[in-house]
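Residue 206 in numbering that gives the first Met the number 0 sits at position 207 of the sequence shown; the count goes up by one each step and never skips.
Idealized CB from N, CA, C, for every residue including glycine.
Have a look at the structure below, then the notes.
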Amino acid sequence: MNKLREAGLYMSGLYPIKGKMIDRYNQCLQSLGFQTTALTEIHIDAIGWSPEVAEEMGNNYYLNHGGANPYGIILSPEQFGKAVFFPYHSFDRDLVEAFYNLNEASIKDITVDAAITINLDQNIAAFYEPSDLIDYSNITVGYKIIGELDREQIKQNILIQKMYQGHNCLDMNLHNKILASSNQFGDLRGRSLQLREVDYPTTSFYTKAFGGVFVLRGGANGHLLIFESLEEMNKYEHTYWAEHIASPNLLQELISRGWLLFNVQKLTEERLMRITHHHFAQNIGTTEHNLTEIFTNKSIYLKYLNQLDEGTKKQVIGPHKFIEKIHAGHKPERSRYIADDTFRALHSPANKNMEDLIWRLICHMQPSDPYYMYYYDKELFYRQFQQYNESYQDWIILNIKEQLKNN
Numbered sequence: 000m001n002k003l004r005e006a007g008l009y010m011s012g013l014y015p016i017k018g019k020m021i022d023r024y025n026q027c028l029q030s031l032g033f034q035t036t037a038l039t040e041i042h043i044d045a046i047g048w049s050p051e052v053a054e055e056m057g058n059n060y061y062l063n064h065g066g067a068n069p070y071g072i073i074l075s076p077e078q079f080g081k082a083v084f085f086p087y088h089s090f091d092r093d094l095v096e097a098f099y100n101l102n103e104a105s106i107k108d109i110t111v112d113a114a115i116t117i118n119l120d121q122n123i124a125a126f127y128e129p130s131d132l133i134d135y136s137n138i139t140v141g142y143k144i145i146g147e148l149d150r151e152q153i154k155q156n157i158l159i160q161k162m163y164q165g166h167n168c169l170d171m172n173l174h175n176k177i178l179a180s181s182n183q184f185g186d187l188r189g190r191s192l193q194l195r196e197v198d199y200p201t202t203s204f205y206t207k208a209f210g211g212v213f214v215l216r217g218g219a220n221g222h223l224l225i226f227e228s229l230e231e232m233n234k235y236e237h238t239y240w241a242e243h244i245a246s247p248n249l250l251q252e253l254i255s256r257g258w259l260l261f262n263v264q265k266l267t268e269e270r271l272m273r274i275t276h277h278h279f280a281q282n283i284g285t286t287e288h289n290l291t292e293i294f295t296n297k298s299i300y301l302k303y304l305n306q307l308d309e310g311t312k313k314q315v316i317g318p319h320k321f322i323e324k325i326h327a328g329h330k331p332e333r334s335r336y337i338a339d340d341t342f343r344a345l346h347s348p349a350n351k352n353m354e355d356l357i358w359r360l361i362c363h364m365q366p367s368d369p370y371y372m373y374y375y376d377k378e379l380f381y382r383q384f385q386q387y388n389e390s391y392q393d394w395i396i397l398n399i400k401e402q403l404k405n406n
């Protein structure tokens, strides 16, 4: 991952914390029943997840009590707008952003001298079976302020209001209570310390529960669960239609339900090139030139293209020929030009409201487009990137940086 770090593409943009902020972070972990960290400097994302703490704990899910009970930690408004690098559910960033937007002023005030833990709670202690995911329709983002400043503010205000009643200003016992509260917590009267819970309605989403499941609600033929783990899928009798992500029937099922379509108008030349270059890079073997030279020099590219076996050459050239013929008004036979795995990767979301989720699904079905993996699912991208040879890694970094600059 050093190449990605140097290129600013690995866990970039995290919020650094140390000193007293580490103490607050540990107070949050302890209050949630998690193990505290011994590290003296870490970085956290928008939801408070830290790659360093995850490595220390040997557990990427260290902020979870089971799949139905993920938590977050807010230490600073500087977390606003940061990425969520290891979400348990695909909507986790939307949840935390909704909480930030509703409580921005209070969060800025509270985090001056305290921290906030947030919980994503639907009153489900644990997912019992995959059908529970369909019922996971409304999430309440609850919270707790470490030190309970919000409650102390209410108590302090009650004491002060009581002092102005009748002759209570002469009550030394009341004076002492107000003074003790002020000495311990400061003057809380004018501070914005009250937070509001967020109710967030979910639609379709991805979750890491049950080995990874895409939960697609509605559609032309009802709900659909797409499992990444065949073992998990086979454990249960399913109330709703279930498919494995590698099933040969899945693509047609998604098309018939109105989730995916093959639309040459949505297929950009850049995306087509990335997918065909992926097949080229995965099958070219040892070369005298690096892939950056090969992909940027037409003569060198043609030299190596003609060294490929016929099957691989079909993967690389066929999609371009197929699209050309369609644009020319012909109706080419797809199987002559595009293999099944490449064809899956060339599809697009049919539902504009679910584009991010469906692009993520396409990347999981056929991880052939490194830039879309990086954009829609960095965790998947990091995992796949480690499997590529160094020459292809260099090309991917160059290509992603160029795409990000142009977009």
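Proximal residues to Leu148 (C-beta, below 6 Å), its chain only, five neighbours per side dropped
Only Ala113, Leu192 meet the Cβ criterion.
Give the DSSP bridge partners of Leu70, in chain order.
It is Tyr, not Leu, that sits at residue 70 in the sequence shown. Tyr70 is bridged to Asn118.
Length at least 4, wholly inside the region 142 to 215: the alpha helix (DSSP H) runs in chain order:
148 to 162, 171 to 184, all fully within the region 142 to 215.
Just tell me which of Ala280, Lys351, Tyr205, Lys297 has its CA closest to the CA of Asp368.
For the options Ala280, Lys351, Tyr205, Lys297, the alpha carbon positioned closest to that of Asp368 is the one of Ala280.
Can the beta-carbon of Thr275 be found less than 9 Å from the beta-carbon of Gln314?
Going by C-beta atoms, Thr275 is nearer than 9 Å to Gln314.
Given a threshold of 16 other Cβ atoms within 10 Å of its Cβ, counted over all protein chains shown, does Lys207 qualify as buried or as exposed?
Buried, by the Cβ-count rule.
Quick one: Cα of Leu62 to Cα of Ile109, how far?
Approximately 22 Å, taken between the alpha carbons.
Assigned secondary structure, Pro348 (DSSP; H/G/I helix, E/B strand, else coil)
Looking at Pro348 - three-state DSSP - the assignment turns out to be strand.
Counting pairs of beta carbons, one from the region 36 to 45 and one from the region 2 to 17, are three or more of them closer than 8 Å?
At 8 Å Cβ cutoff, the stretches touch.
Beta-carbon within less than 6 Å of Ala124's beta-carbon, same chain only, minus the 5 sequence neighbours each way: which residues are those?
Its pLDDT being 47, under 50, Ala124 is placed unreliably in this model, and the coordinates cannot settle the point.
Look at the alpha carbon of Leu3 and the alpha carbon of Trp48, and state the distance between them as a whole number of angstroms.
Each residue's alpha carbon lies about 20 Å from the other.
Assigned exposure category for Gln386 - 16 Cβ within 10 Å defines buried:
Per the 10 Å Cβ criterion, exposed.
Could you tell me the alpha carbon to alpha carbon distance between Leu101 and Asp131, rounded to whole angstroms?
Cα-Cα distance, rounded: 28 Å.
At 4 residues or longer, and completely inside the region 264 to 340: list those alpha helix (DSSP H) runs for me, N to C.
Those alpha helix (DSSP H) runs which fall completely within the region 264 to 340 and span 4+ residues are 268 to 282, 290 to 295, 297 to 304, 309 to 326, 333 to 336.
Check each candidate in Pro200, Pro129, Leu158 and name the one with the smallest Cα separation from Phe90.
For the residues Pro200, Pro129, Leu158, the minimum Cα distance to Phe90 belongs to Pro200.
Chain-order list of residues whose beta-carbon lies under 7 Å from that of Asp198 (same chain, five-residue window excluded):
Around Asp198: Asn137, Thr139.
Other residues of its chain near Glu51: CB distance less than 7 Å, five sequence neighbours each side excluded
Around Glu51: Leu38, Ile41, His42.
Where does Ala53 fall in DSSP's three states?
Here Ala53 sits in helix by DSSP.
First and last residue of the uninterrupted beta strand (DSSP E) at His237:
For His237, no beta strand (DSSP E) run applies, since DSSP gives it neither H nor E.
Could you give the C-beta distance for His237 and Leu224, rounded to a whole number, given that I count them as a contact under 8 Å?
Taking a contact as a CB-CB distance under 8 Å, the pair His237 and Leu224 counts as one, their CB atoms being some 7 Å apart.
For Leu379, collect the residues of the same chain with a Cβ closer than 7 Å to its Cβ; drop the 5 residues on either side in sequence, then sort them by chain order.
Hits under 7 Å: Cys362, His363, Pro366, Met372.
Look up Ile46 in the DSSP assignment and say whether it is helix, strand or coil.
Per DSSP, reduced to three states, the secondary structure at Ile46 is coil, with no helix or strand assignment.
Should Asn398 go down as buried or exposed, given a rule of 16 or more other Cβ atoms within 10 Å for buried?
Asn398 comes out buried.
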